[in-house]
Amino acid sequence: MLDPLRLKKLRKSKCFSQDDLARHARNSRCPVSSASIKRAELGSPVRYRTAKNLALALEVEVDSLFACVE
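Heads up, my numbering is the position in the sequence shown plus 17, with the first residue counted as 1.
If you want it as structure tokens, here you go:
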């Protein structure tokens, strides 16, 4: 499952608001809506494609967005 706190921390480390990240993702040809970002940060499930696009926009590996399950 995508880790909402990790996503928010990564977004803020890039000094992006949710809308800024959505615009950056769209400009990087990996579109994610600001509504999807908000839902992900609230802990709602997201599609793998959305997580992948978020990772591309944030310039991180997609695995880094997911919580470790033990």
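Even glycine gets a Cβ: it sits at the ideal position worked out from N, Cα and C.
Treat the numbers as computed from the prediction; the structure is a model and nothing was measured.
Sub-8 Å separation of residue i and residue j beta-carbons
| i | j | result |
| --- | --- | --- |
| S45 | L73 | yes |
| L7 | L19 | Nothing can be reported for residue 7, as the shown portion of the chain is limited to 18 through 87. |
| S61 | Q35 | no |
| A78 | P21 | The residue asked about is misnamed: residue 78 is Glu in this sequence, not Ala. In this structure, P21 does not lie closer than 8 Å to E78 by Cβ. |
| V63 | R56 | yes |
Element boundaries [alpha helix (DSSP H), containing residue i]
| i | result |
| --- | --- |
| R43 | 35 to 44 |
| L73 | 65 to 75 |
| A57 | 51 to 58 |
| L82 | L82 -> no alpha helix (DSSP H), and no H or E assigned at all. |
| P21 | 21 to 30 |
Neighbourhood of residue i by C-beta distance below 7 Å, restricted to the same chain and skipping five residues each side
| i | result |
| --- | --- |
| K31 | L75 |
| A68 | L19, V79, L82 |
Same chain, Cβ closer than 6 Å to residue i, neighbours up to 5 away in sequence not counted
| i | result |
| --- | --- |
| L71 | V49 |
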